[in-house]
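Have a look at the structure below before the remarks.
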Amino acid sequence: MRALPAVLLLTLLASCGKAAHPDNGIEPPLLTVGPSTPVDTPGPRCPDSGLSVTAGEVDAALGHRASVLTATNCGTTPVHLDGYPAIRLLDATRAPLAVTVAHDSSYMAIDPGPAPLTVAPGGRALTVLSWSNTVTYGDSATGAFVEVVPLPGAAAQTLPLDTDLGTTGSLTVTAWASSLRS
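All the letters of the sequence shown, read from the start, carry residue numbers -19 to -1, 1 to 163 under mature numbering (1 follows the signal peptide of the UniProt record, and there is no 0).
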């Protein structure tokens, strides 16, 4: 008598996961699932410039803000940089904001100044965008995107970046460098 519950339990366990399928004439009538074959999915396309730019989190300190932009060489040849990226802030509708961009140091980052920099394949270069969230008179400016041209002649790359400029209407950008100083 004890064997009957054990047989019943094994029968129930053996049938777990099997769904009833209509008889469609295909043998075996139940689907069998084997190991999946990985599908090659293409990653993000490398821009023609060979540099893919990303924006880091916004850091804040005493009303000042900063975000590090990282340009990674996703190509197969070295890329030569010398100077500053071209930067334009955009609002939530991607319309340009009236912002003055200065190439300089700020409260949040020290500008190393323009210098030749070679970024090897897989290597990276860094720049810091800084601004103050000072509100005095006038309308506050809030950006939702930053448009970055990493080197002259390259296509612009638009990245999400929240910028709460207050009423200052200004942004500071450091030169491309292999490391940051603060």
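Just so you know, even glycine gets a beta-carbon here, dropped at the ideal spot from N, CA and C. Predicted model, so just to flag it, every value in this text is computed and none were measured.
Can you list, in chain order, the stretches of the beta strand (DSSP E) that have 3 or more residues and sit fully within the segment 25 to 103?
Runs of the beta strand (DSSP E) lying entirely within the segment 25 to 103, each at least 3 residues long, are 32 to 36, 40 to 42, 45 to 54, 60 to 63, 67 to 71, 81 to 84 and 97 to 100 in chain order.
Determine whether the Cβ of Tyr65 lies closer than 8 Å to any Cβ atom of chain D.
Note that chain D does not occur in the displayed structure, where there is just one protein chain.
Find out if the Cβ-Cβ distance for the pair Val60, Gly31 is shorter than 8 Å.
A contact, by the Cβ cut-off of 8 Å.
Nearest-angstrom Cα separation, counted from Leu152 out to Pro95:
Taking the straight line from one Cα to the other gives about 17 Å.
Leaving out five residues on either side along the sequence, give the residues of the same chain with a beta carbon under 8 Å from the beta carbon of Pro97.
The residues are His61, Leu62 and Asp63.
Looking at the structure shown, is residue 173 part of a helix, part of a strand, or coil, going by DSSP?
Residue 173 lies beyond the stretch modelled for the chain, which goes from -19 to 163, so this question has no answer here.
If we count the other Cβ atoms within 10 Å of its Cβ and call it buried at 16 or more, is Val20 buried or exposed?
Residue confidence is low: Val20 scores 44 on pLDDT, short of 50, so the model does not pin down where it sits. No coordinate-derived value is stated.
When the Cα atoms are used, what is the spatial distance from Gly104 to Tyr88?
Computed Cα separation, rounded: 27 Å.
Inter-stretch contact at 8 Å, needing at least 3 Cβ pairs: the segment 104 to 114 / the segment 153 to 163
Under the 8 Å Cβ criterion, the segment 104 to 114 counts as touching the segment 153 to 163, having at least three qualifying pairs.
Mark Thr117 as exposed unless 16 or more other C-beta atoms lie within 10 angstroms of its C-beta, in which case mark it buried.
Classification for Thr117: exposed.
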